[in-house]
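Remarks on the structure that follows.
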Amino acid sequence: QVIPGHEARSVEALCWAAGDRLFGAGLGGGITEYDLARLCAARPVDGCGGPIWSMAANGSGKGPPVGLGLTPALLQIGCEDGSVKLFQVVPGGIQFERNLDRRKGRILCLSWHPAGTHIAAGSVDALRVFDVCSGQTVQRIMVNYHVQKVKRECVVWSIAFLSSGTVVTSDSFGRVQFWDWERGTLLESHTVSTSAVLSLAVSEKEDSIVVGTSTGATYQFQLLPVKMGSLEKRWVRTKPFQHHTHDVRAVAHSSTALISGGLDAQLVIRPLMEKMQKKGYDAALRKFTFPHRRLVSCARKARLLLFQFSQHLELWRLGSTNETGKDGEVLPLCRMPEHLVQLKSKGPEHIYCSCVSPCGSWVSYSTASRFHLYRVQYKGDGVSIKKVPKVPKLLLPAYQLQFSSDSGSLFVASARGSVHVLQLLEPGGCKHLHTFRPPSGSPEAVYLLASSADGHWLAAVGGDWAIHIYNLKCFKHHCVVPMYGCAVTALAIHPVTNNLVIAYSDQQLFEFSIPEKQYTAWSRMVQNCGLHKVWLERDSPITHITFNPKNPSHILLHDTYMFCVLDKSLPLPDNSALLMNQSTLKQLPETARQRQLHAFKICKKFQPLLFADLLDENCLVMVERPIMDIKTQLPPPIQQKKFGT
């Protein structure tokens with residue numbers, strides 16, 4: 045799921061409060077609650093302290109005892125003006141409660157004591173501990189006191205308050221330090237980097253800590269006995285990891301993995317192998333660079349591509365060639381790719397979703413508050429675009445847009461599981477035909493749509509992972525695909541058989557017959573035999589599925605790192621077979637190739653792959669987004685001395 049951004053809303057801090065309510069704050073000075081069902085942000089509440097640098101909630105959702113009861117969930121923010129403010133989390137929003145003792149210096153990090161009685165705050169050169177009941181500072185510790193000849197300020201970037209009373213800090217001097225807050229003394233100090241340690245997270249059992257540095261390295265600390273059988277324990281740096289190239293701005297510690305993210309735009313999940321019972325998907329190192337949603341859409345008949353950016357769309361006409369050649373050759377173009385239209389979104393809101401019709405004559409997109417539909421006309425080499433006036437007032441925002449295969453209808457996925465059907469009119473208009481709603485009355489937004497080529501069926505997936513099938517001829521709910529315990533990452537309806545092919549986040553594939561309302565024989569065979577272990581251990585989900593109408597047994601699918609043709613007429617590979625790249629397979633002798641013949645034909649030539657679709661029976665379009673193109677736009681990483689240089 046994705047909650048799109050806003051030009052005026054930076055996110056410097058995120059936290060969960062009162063169980064499953066998500067709050068964010070940033071340099072705009074406002075506190076925003078995010079609606080996870082509607083995937084949108086509520087109106088921000090002004091913190092009244094300037095830019096907000098940090099935020100935290102009391103862990104249990106309950107504060108310190110007051111009389112015979114407990115205070116409700118509390119949210120604290122650290123501001124530019126040096127104030128720490130408490131807000132009460134109430135139904136429908138938050139309510140200001142009080143200020144704690146204010147001192148000079150911005151509050152860069154905050155942490156609650158697990159009991160909810162004290163708060164630790166880090167700023168420049170100092171950390172402070174507040175008593176929540178009185179609001180007074182009960183301890184102030186100068187973190188640069190132990191450094192000889194200090195000529196520069198020491199910034200406390202991250203802080204954690206342990207249940208034992210120990211306060212853990214990470215700072216701009218590259219240190220992770222452990223403090224006894226009651227005595228104000230330093231217990232342990234570990235220098236892990238020559239540059240800043242920016243982030244810190246503690247495991248639930250408080251026996252492990254992960255920290256992230258500005259060199260891109262992450263380190264794990266573990267609380268271990270001084271010697272075998274000893275009750276005395278010390279914090280020991282045990283594992284270094286280098287999965288990032290730039291600042292590691294955020295880290296988290298789950299029960300089985302270390303999670304990190306930063307300036308290089310990568311989210312990395314590093315499993316703790318000692319916590320794993322067996323090798324599988326959970327035991328794989330995973331790196332996420334791109335969002336798992338459609339940012340490219342294709343007009344097959346017009347051979348156009350629509351690219352979605354945060355605040356504008358670009359429409360391109362694909363190049364063409366008259367030449368033929370051998371596999372691997374690059375053919376000269378007789379017509380170059382052509383940038384036709386750039387469509388800018390007005391206002392600070394980012395674009396949620398977009399789509400171009402198969403004929404290329406319609407373009408649609410949606411932001412949080414507005415839905416836009418445009419008519420595109422092509423006259424010779426010129427292009428004209430006209431906004432469709434008076435579009436129907438829909439339940440906004442739209443989360444996914446899908447045109448029918450004949451470009452006569454537009455399906456708009458909306459909040460509370462609803463899907464609107466709009467009829468497109470010549471020369472440039474539309475009218476609302478129907479709104480589908482799931483019988484279950486789900487509050488979750490629909491995030492995936494798939495329509496059949498004959499215009500008869502529509503499949504919709506909501507945040508509750510239920511797949512609803514609707515009949516577009518009589519505008520009725522047809523059936524629900526049996527529930528599966530993982531998120532749907534891609535789905536598509538076969539143009540010949542009207543079978544729905546579904547890919548799940550655990551890499552399982554299912555085929556569901558819509559007319560017969562049951563799984564197909566091939567799907568049951570796949571579940572009985574099982575998919576190849578290498579396929580199931582892949583760390584990137586399938587993001588798009590399409591078909592070749594000339595060869596009904598072929599299913600075309602891709603993730604970020606591979607393109608696959610799944611041939612249903614061939615047997616499934618067992619775990620002893622090799623899931624080889626096609627280029628590797630071609631180098632084998634003919635007899636060896638025949639022995640390796642199975643349903644999965646995999647190509648890893650195109651990486652990272654954002655989009656792949658079949659234009660016609662002989663032509664496939666692939667859209668890559670090279671990682672180096674992104675890294676050249678980043679500031680240079682910190683220079684590190686390497687051995688032998």
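Here the sequence shown is numbered in the numbering used here, starting from 45 and rising by one per residue. Where a beta carbon is used, it is the ideal one built from N, C-alpha and C, also for glycine. This structure is a prediction, so every number in the text was calculated from the model and none was measured.
Residue i burial status per 10 Å Cβ neighbour count (16 or more: buried)
i, result
"E77", "buried"
"G70", "buried"
"K271", "exposed"
"N543", "buried"
"F519", "exposed"
"G369", "exposed"
"G529", "exposed"
"T238", "exposed"
"H538", "buried"
"K594", "exposed"
"H602", "buried"
"A565", "exposed"
"V46", "exposed"
"P376", "exposed"
"D371", "exposed"
"A261", "buried"
"M624", "buried"
"L311", "exposed"
Coarse secondary structure for residue i, derived from DSSP in three states
i, result
"C573", "helix"
"W579", "helix"
"W566", "helix"
"K594", "coil"
"G461", "helix"
"D517", "A quick correction: the sequence has Lys, not Asp, at residue 517. Correct three-state label for K517: coil."
"K271", "coil"
"E77", "strand"
"K106", "Bear in mind that a pLDDT of 46 at K106, under 50, signals an unreliable position, so the model cannot answer this."
"E358", "strand"
"K319", "helix"
"A309", "coil"
"A294", "strand"
"A100", "strand"
"A52", "coil"
"A328", "coil"
"S557", "strand"
"R146", "coil"
"H287", "coil"
"D64", "coil"
"R337", "coil"
"S495", "strand"
"E16", "Nothing can be reported for residue 16: it is not among the residues displayed for the chain, which extend from 45 to 689."
"Q45", "coil"
"F265", "strand"
Residue i: CB within 7 Å of a non-hydrogen atom of the ligand PLP
i, result
"P652", "As far as ligands go, the structure on display features none, and thus does not contain the ligand PLP."
Alpha-carbon spacing of residue i relative to residue j, whole angstroms
i, j, result
"V667", "I589", "15 Å"
"Q221", "L230", "7 Å"
"S428", "S451", "18 Å"
"K106", "H162", "Only weak support exists for where K106 lies, its pLDDT of 46 falling under 50; the coordinates are left without a value."
"P88", "G74", "5 Å"
"R344", "A621", "36 Å"
"G485", "A296", "35 Å"
"G166", "S549", "39 Å"
"S252", "W60", "21 Å"
"E141", "M99", "15 Å"
"C123", "F205", "19 Å"
"V525", "K675", "42 Å"
"V505", "I121", "37 Å"
"F353", "S243", "29 Å"
"H287", "D618", "33 Å"
"H478", "K517", "11 Å"
"W694", "P471", "Lying before the first or after the last residue shown, residue 694 is absent from the chain, which here runs from 45 to 689."
Worksheet entry | Completely contained beta strand (DSSP E) runs for the region 373-453, where each covers 3 or more residues | If only uninterrupted beta strand (DSSP E) runs of at least 3 residues are considered, those enclosed by the region 373-453 are 382-388, 397-400, 406-410, 415-423, 426-431 and 444-447.
Discussion item. Check whether the region 670-683 and the region 361-368 are in contact - that is, three or more C-beta pairs closer than 8 Å.
Written reply: Proximity of the region 670-683 to the region 361-368 falls short of the contact definition, fewer than three beta-carbon pairs being nearer than 8 Å.
Discussion item. Please give the ranges of any alpha helix (DSSP H) in the region 608-678, keeping only runs that are unbroken, at least 4 residues long and fully inside the region.
Written reply: List check, alpha helix (DSSP H) in window: 626-630, 634-639 and 671-675.
Worksheet item: Which residue spans inside the region 223-261 form an unbroken beta strand (DSSP E) run of at least 3?
Response: Counting only runs of 3 or more, we get 229-235, 241-246 and 252-257.
Discussion item. Ignoring anything shorter than 3 residues, give me the beta strand (DSSP E) runs that lie fully in the region 156-218, in order along the chain.
Written reply: For the region 156-218, whole beta strand (DSSP E) runs of length 3 or above, ordered along the chain, are 162-166, 170-175, 181-186, 200-205 and 210-215.
Worksheet item: Are the region 614-628 and the region 654-661 in contact at 8 Å, needing three or more beta carbon pairs?
Response: Touching, no.
Worksheet item: Pairing CB atoms from the region 452-472 with CB atoms from the region 51-69, are three or more of them under 8 Å?
Response: Segments in contact, no.
Item to complete: May I ask you to verify whether the region 430-442 touches the region 499-519, counting CB pairs closer than 8 Å and requiring at least 3?
Response: No: fewer than three Cβ pairs fall under 8 Å.
Practice prompt. Evaluate contact between the region 603-610 and the region 640-649, counting only Cβ atoms and requiring at least three cross-stretch pairs below 8 Å.
Written response: Three or more Cβ pairs closer than 8 Å define a contact, and the region 603-610 meets that threshold against the region 640-649.
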